[in-house]
Structure formats: C-alpha cells, structure tokens
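Worksheet for the structure shown next.
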Amino acid sequence: MTESEGPIRDDHAELLRRRALTEDAARPEAVERRHAANGRTARENLDDLVDAGSFIEYGRFAIAAQRHRRDLEDLIARTPADGLIAGTARINGDLFGEQRSACAVLSYDYTVLAGTQGALGHRKKDRLFELIERMRLPTVFFAEGGGGRPGDTDYPVVSALDARAFKLWAALSGVVPRIAIVKGRCFAGNAVIAGCADLIVATEDASIGMGGPAMIAGGGLGDVAPDDVGPIEVQAPNGVVDVVVADEAEAVAVTRRLLGYFQGVTAPGPVSDQTRLRTIVPERARRAYQVAPIIETLADEGSVTFLRPKFAPEMVTALARIDGRPVGVLANNTMVMAGAITAAAADKAARFLQLCDAFGLPVVSLIDCPGYMVGPAAEAEALVRRGSRMLVAVAALEVPLIAVILRRGYGLGAQAMTGGSLHEPLLTVAWPGAHLGPMGLEGAVRLGLRKELEAIADDDEREERVRQATAAAQENAKALNAAQLFEIDDVIDPAETRKLIIDTLTAATAHAPGRVGRRFVDTW
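Offset between the sequence shown (1-based) and our numbering: plus 16.
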C-alpha cells in the first residue's frame, strides 16, 4: 500500500507513516550499531527465515509502556513493537505446501531496549502462545535479550509474578515443536523462553544464563562480564544448546532444516553406497570407531543433523531422513567410554526419545553397547535414577522403534537401547560380527567361575582360565546363536539395513493407530 497506487485518505496516510516507523529503515543508527556488532536485525532474520510475503504480524504498533516518563512520539520512534516482533508465517512451503508449512515466529529485537521483556511484549506473547496452541503451529523464537524490563511505568505492578506468558509457553511442551535461536546475550526471562523450547540453536558468541550480570552482582556473587555468564564453551558441553552455529545466517538455515523434520516427508534424497557398511565396524571387539559415518550412510545424503554432540558424546542423537521420511537416530559411540551408558548419556537419550515420541518421529537405534557404566564414580552421578529414566522413556514410546545391533549388545544397557527388550522394537536385527549377552563377557566369566578361579593359586594360570572361558563365551554369544533361539529377528548383511528400515517403517505407518493424548517433552 503506497501513494503510487493512487490517492489515499488522511487516515491511510497516517497508517503508512506509523507503519514505516516500525521498519528498520526508520532507525538507521540502531541498524548500523547492530551490524557493527556482527548481528542482523530482528526483521532481517525474519525475512531470511520465513517464506516471502507470508508473515502476518501481530502487535506491530505496540510501544514500551513508559508513557509516564517518556514522550509518546519518542516511544513510537524508538520502541517499535515493544521490542518483540511476532506473528504467523510459512516456512519451507516449497517442500511441504501451505498447510504443513504454517508456523508462528517471534523475535525479540535487541535494538529496542536490549531485547528486554516489556509489559505489552508479555501481552503479545500471551496472545501468540494461545494462538499457537489453538492453531497447532510449530514455533521459532529468537530469544536474545536481557530479561525483564524494570523501566515500564504505565501499569501498576508489585511483583509481576501473575504474568502468564511463561506458563503458556511451558504448557506447549509436546503440543507443537518449538525451536529457540540465541545470538549474543540471553538472560533471565529470555533464557527461560529458550530453555523451555524443544531445541536450541545458538551462535558461537552466545551467552545464556538464568541471570545476567546485574542479577549476579545484586545477589552478592561478584562482577561477571556478560559474555562470561554462560558462554557456548559451557552451554554446549553441559547439554543446554543442541546445535552451535557460526552466525545468525547459519542459525536460520539450520532452524529451517530442523523444522522440516517435524513438517513431514520429502522426496527421497540421494543414497550412499550401502556396501560400505560391511567393513565399517572393526572385527576386534575392543577397537573403537566413529558411528557418525554409519548414520550418514544409512540416511539420505546430507540429511543428518546431530544434536548436543558435545554433551555426553558417548551417546549420539541425530535427526535424519531415510527415503525422505524423518527419523530420530540413537547410537552408542564407542570412541567415548566404549559406548557405555553413563548418567549423562541416559539423560540425553531419554529427552531425545521424548522429543521423537511427541512429534511422531520413528526411532532407529544403532547398538554397540557394553552396558551401563558401573563403579563408585558412576554412582556419584545418580546413575540408578538417571539410567532408569532412559528405560522409562523408551518403554513409553508409541512411535515405531527399529534396533540394529552393530557389534555388542550387553546387559541392561542393550535393553535400554532396544525398548527394554529385544522383542520390543518392530524389528531387531544384528550385523554378522555382533555378540549379545546378559552382561560383559569377561565380567560374566569372572562372576560365574568365581569359586573355581579362587581355587587356582597361580596368577598366570588363573588368567589363562579366564581367557579360555571368555573365548568360549564369545563363541556362544554370536548373533547367529541368538537368532537360532529367536532372541532377535534376524542377522543381516549390513548393506540390507537401510532397505529393511524403509520397508518396516512403511508397513508400520500404513496401519498406525491414531495417537491419543499429549506427549510431554522434558527440558532436560
């Protein structure tokens, strides 16, 4: 709507003037400062993320609730949208069509009062969160900002603890997929917005914390620089951040990709040479190897996104596509802790399983697991509770689960990777070199032959007996022997794995019952 389209009335002219004041062009100095700090404006990020022409903005003309201490024209010019741009849009419409690409997008504007949360911004969030629930809209939220804003004066307030936004946002857990993007500083209420999301994508310069420097100093905890509160060097290894990116442009690209996993099936992508899987796992049981290439070979080329890779790296979690179908992949990483399930690994797996279950993503479990980690150090990490959490999560799965035993499947750890039982997945198969057992074989030998071994005085003789018994146990534990007793469904050529996954998921999806009730996704 411009003057070039013909004569307009005075009220239309006023609308055009006010609308122009909400755009970046009206605040060139603020935009220049943002660019000088290697950032993009909120509207630049939104334009990059959403399909062209699809954004419907809510609350464009809101301003900071500070009329009692600032001039109205100043507020209109300097606090557009009260620092929160929000609305509905489409993302990935070229892949999924108008209906499945519908979403909600919200972004704090760091050029407006440091992205702090104002009174009208909270009301805007309330409105959007309610619409998100009613319309079932997947949501992307750019969460950068300094938390609550103490400078608003237009509304009487004592505690502000009656604000509903955080309750409404948290209640969307398991209802719609929610992705938070964090660039730069994200503290207090803004950090909670990110923390309640299902996935967090953060730039390398992000600092995320439940309180910013002012709150830290006010609590008597000393002076801390903003960038030292919760830097990526802390928040990636501790599991807060799912994907770390270089900048906002990459964050938008990764977010569009992540959202796509929850939007549905695409055309099948290129396929890697599956015969490579025949030699990718070492024959020696104690030799470690990278599991990521196995995942990338099974999946459509270029379709894998690894989540929380620096947190509990002994457990790998990834979203991928197989024949165009989005799936979650859970895998043991023998490069770390030999692939044993630690307390942190169990936490990582449990939340990932909840995420997949909530949003209908089948799970492919790739198993090379010696069991749960044991010992006093492991127990100091509350392994009994945290390890059991994974079993509870996997037992609650309603989405299809397919288990592939790559090499070792021992003890409760292997059961946790297979839904609690080898017969719980829709399909449980093993590769030819795989071995299965109720616990690690040498440990089982030492336990089972304890009295016999105690009776052997010579150390070398005793260890030779252990080696002989372990070799016999190794022979008995072969996957083919387990298949003979129908403990597993089949032993397969590794090159067949992808096709079997595709065929099983196709059969399962064709007759899947309707889901009943809501699935909860924990923040951890």
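Note that CB positions come from ideal geometry on N, CA and C, so glycine has one too. Quick caveat: nothing in here was measured; it's all calculated off a predicted structure.
Just how far apart, CA to CA, sit Ser70 and Leu88?
By one-based count along the sequence shown, residue 70 stands at place 54. By one-based count along the sequence shown, residue 88 stands at place 72. Distance between the alpha carbons of Ser70 and Leu88: 31 Å.
Assign Asn348 to buried or exposed, taking buried as 16 or more other Cβ atoms, counted over all protein chains shown, within 10 Å of its Cβ.
For the purposes of this step, residue 348 is taken as residue 332 along the sequence shown, with counting starting at 1. Within 10 angstroms of the beta-carbon of Asn348 lie 16 or more other beta-carbons, which makes it buried.
Enumerate in chain order the residues of its own chain whose CB-to-CB distance from Gly55 is below 8 Å, with the five nearest sequence positions on each side excluded.
Here residue 55 refers to the residue found at position 39 of the sequence shown. Take Gly55, set aside five residues on each side of it, and the residues of its chain with a beta-carbon closer than 8 Å to its own are Tyr126, Lys199, Gly200, Glu264, in chain order.
Ala130 vs Gly162 beta-carbon contact at 8 Å
Counting from 1 along the sequence shown, the entry for residue 130 is found at position 114. Counting from 1 along the sequence shown, the entry for residue 162 is found at position 146. Contact flag set, yes.
Start and end of the alpha helix (DSSP H) containing His51?
Taking the sequence shown and counting its residues from 1, one reaches residue 51 at position 35. It spans 44-52 - the alpha helix (DSSP H) in which His51 sits, taken as one unbroken run.
Confirm, please, whether the CB-CB distance from Val507 to Leu422 is below 8 Å.
As a position in the sequence shown, residue 422 is number 406, starting the count at 1. As a position in the sequence shown, residue 507 is number 491, starting the count at 1. Their beta carbons are not under 8 Å apart, which means Leu422 does not touch Val507 by this criterion.
Please identify the residue among Glu468, Leu237, Pro448, Gly227 whose C-alpha is closest to the C-alpha of Ala485.
For the purposes of this step, residue 485 is taken as the residue at position 469 of the sequence shown. Selected option, being the one with the closest Cα: Glu468.
Assuming Asn61 is part of the alpha helix (DSSP H), what are its boundary residues?
One-based indexing of the sequence shown puts residue 61 at position 45. Per DSSP, the continuous alpha helix (DSSP H) segment holding Asn61 begins and ends at 58-65.
Apart from the five residues just before and just after Ala336, which ones in its own chain have a Cβ nearer than 7 Å to its Cβ?
Here residue 336 refers to the residue found at position 320 when the sequence shown is read from its first residue. Around Ala336: Ile311, Ala315, Ser319, Val320, Val343, Val345.
By how many angstroms is the C-alpha of Asp339 removed from the C-alpha of Thr155?
Against the sequence shown, residue 155 aligns to sequence position 139. Against the sequence shown, residue 339 aligns to sequence position 323. About 26 Å.
Nearest-angstrom Cα separation, counted from Ala80 out to Ala42:
Indexing the sequence shown from 1 puts residue 42 at position 26. Indexing the sequence shown from 1 puts residue 80 at position 64. Spanning the two alpha carbons is a distance of roughly 17 Å.
Would DSSP call Met17 helix, strand or coil?
The residue labelled residue 17 in the question sits at position 1 within the sequence shown. Low local confidence applies: a pLDDT of 46 at Met17 is under 50, so the model's placement there is unreliable, and no value is given.
Out of Ser437, Leu413, Glu249, Gly355, which one is the CA nearest neighbour of Asp373?
In the sequence shown, residue 373 corresponds to position 357, counting from 1. From the listed residues Ser437, Leu413, Glu249, Gly355, the smallest Cα separation to Asp373 is found for Leu413.
Looking at Leu417 and Val379, is the spacing between their C-beta atoms short of 8 Å?
Your numbering for residue 379 matches position 363 in the sequence shown. Your numbering for residue 417 matches position 401 in the sequence shown. In this structure, Val379 places its C-beta atom within 8 Å of the C-beta atom of Leu417.
Output the distance between the C-alpha atoms of Asp72 and Glu397, rounded to the nearest integer angstrom.
To locate residue 72, count along the sequence shown from 1; it is residue 56. To locate residue 397, count along the sequence shown from 1; it is residue 381. Looking at the sequence itself, residue 72 is Ile, so the reference to Asp does not match. Looking at the two C-alpha atoms, the distance is approximately 48 Å.
Coil, strand or helix - Lys199 by DSSP
Counting from one through the sequence shown, the residue named residue 199 turns up at place 183. Coil, per DSSP.
Continuous beta strand (DSSP E) assignments of at least 3 residues falling wholly in the region 151-191
Within the region 151-191, the beta strand (DSSP E) runs of at least 3 residues that lie entirely inside it are, in chain order, 155-158.
Answer yes or no: do Leu196 and Phe157 have a C-beta to C-beta separation smaller than 8 Å?
Sequence index remark: in the sequence shown, residue 196 carries index 180 (1-based). Sequence index remark: in the sequence shown, residue 157 carries index 141 (1-based). The amino acid occupying residue 196 in the given sequence is Ala; Leu does not appear at that position. In this structure, Phe157 lies closer than 8 Å to Ala196 by Cβ.
Could you name each continuous alpha helix (DSSP H) segment of 4 residues or more that falls completely within the region 389-473, going from the start of the chain to the end?
Segments of the alpha helix (DSSP H) lying fully in the region 389-473: 392-395, 399-411, 427-433, 457-464, 466-470.
Tell me which same chain residues have a C-beta within less than 7 Å of the C-beta of Ala213, skipping the five on either side of it?
Taking the sequence shown and counting its residues from 1, one reaches residue 213 at position 197. If we look at Ala213 and ignore the five residues flanking it on each side, its Cβ neighbours are Phe157, Arg194, Ile195, Ala196.
Closer than 6 Å by C-beta to Ala361: which residues in its own chain qualify, once you throw out the five before and the five after it? Chain order, please.
Here residue 361 refers to the residue found at position 345 of the sequence shown. For Ala361, where only same-chain residues beyond five positions count, the Cβ hits under 6 Å are Ala328, Glu330, Met331.
Where Leu274 falls: helix, strand or coil (DSSP):
Translated into the one-based positions of the sequence shown, residue 274 becomes position 258. DSSP, reduced to helix, strand and coil, places Leu274 within a helical segment of the structure shown.
Where do the N-terminal and C-terminal ends of the beta strand (DSSP E) with Gly318 fall, by residue?
In the sequence shown, residue 318 corresponds to position 302, counting from 1. Element bounds for Gly318: n/a, residue is neither H nor E.
Could you spell out the range, first to last residue, of the beta strand (DSSP E) harbouring Leu293?
As a working note, residue 293 is residue 277 in the sequence shown. Per DSSP, Leu293 lies in no beta strand (DSSP E) segment and is marked neither H nor E.
Would you kindly work out how many angstroms separate the C-alpha atoms of Val307 and Thr350, rounded to a whole number?
Sequence index remark: in the sequence shown, residue 307 carries index 291 (1-based). Sequence index remark: in the sequence shown, residue 350 carries index 334 (1-based). Near 8 Å, if we compare the C-alpha coordinates of Thr350 and Val307.
With DSSP collapsed to three states, give me the class of Asp142.
Residue 142 sits at position 126 when you count from the first residue of the sequence shown. Three-state DSSP puts Asp142 in a helix.
Pop quiz: Ala359 and Leu399 are said to be a contact at Cβ under 8 Å. What is the actual Cβ separation, rounded to whole angstroms?
In the sequence shown, counting from the first residue as 1, residue 359 sits at position 343. In the sequence shown, counting from the first residue as 1, residue 399 sits at position 383. Approximately 5 Å separates the beta-carbon atoms of Ala359 and Leu399; this is inside 8 Å, confirming the contact.
Do Leu215 and Asp258 have their C-beta atoms within less than 8 Å of each other?
Residue numbering aside, residue 215 sits at position 199 when the sequence shown is read from its first letter. Residue numbering aside, residue 258 sits at position 242 when the sequence shown is read from its first letter. Yes. Within cutoff.
Can you tell me whether Met17 is buried or exposed? The criterion is at least 16 other CB atoms within 10 Å of its CB, across all chains shown.
As a working mapping, residue 17 is identified with position 1 in the sequence shown. Because Met17 sits at a pLDDT of 46, beneath the cut-off of 50, its placement in the model cannot be relied upon, and the following sentence gives the value as read from the coordinates. Residue environment for Met17: exposed (fewer than 16 other C-beta atoms within 10 angstroms of its C-beta).
Which residues bound the alpha helix (DSSP H) around Gly113?
Your numbering for residue 113 matches position 97 in the sequence shown. Per DSSP, the unbroken alpha helix (DSSP H) holding Gly113 starts and ends at 109-116.
Less than 6 Å between C-beta atoms, sequence neighbours within five positions excluded: which residues of the same chain meet that for Pro229?
As a working mapping, residue 229 is identified with position 213 in the sequence shown. Only Val240, Pro242 meet the Cβ criterion.
Measure how close the beta-carbons of Ser1 and Asn61 come, nearest whole angstrom, since I'm counting them as under 8 Å.
Outside the displayed span of the chain (17 to 540) sits residue 1, for which this structure offers no information.
Within 10 angstroms of the Cβ of Leu496, are there 16 or more other Cβ atoms? Answer buried if so, exposed if not.
Within the sequence shown, the letter at position 480 stands for residue 496. Under this definition Leu496 is an exposed residue.
In whole angstroms, what separates the C-alpha of Trp185 from that of Ala269?
If you number the sequence shown from 1, residue 185 lands on position 169. If you number the sequence shown from 1, residue 269 lands on position 253. About 24 Å.
What are the partner residues of Asp506, as DSSP defines its beta bridges?
In the sequence shown, counting from the first residue as 1, residue 506 sits at position 490. As computed with DSSP, Asp506 is found in a beta bridge with Val445.
Can you round the beta-carbon distance between Gly449 and Ile383 to whole angstroms, since I take them to be within the 8 Å contact cut?
Looking up residue 449 in the sequence shown gives position 433. Looking up residue 383 in the sequence shown gives position 367. A Cβ-Cβ distance of about 13 Å is found for the pair Gly449 and Ile383, leaving them out of contact under the 8 Å criterion.
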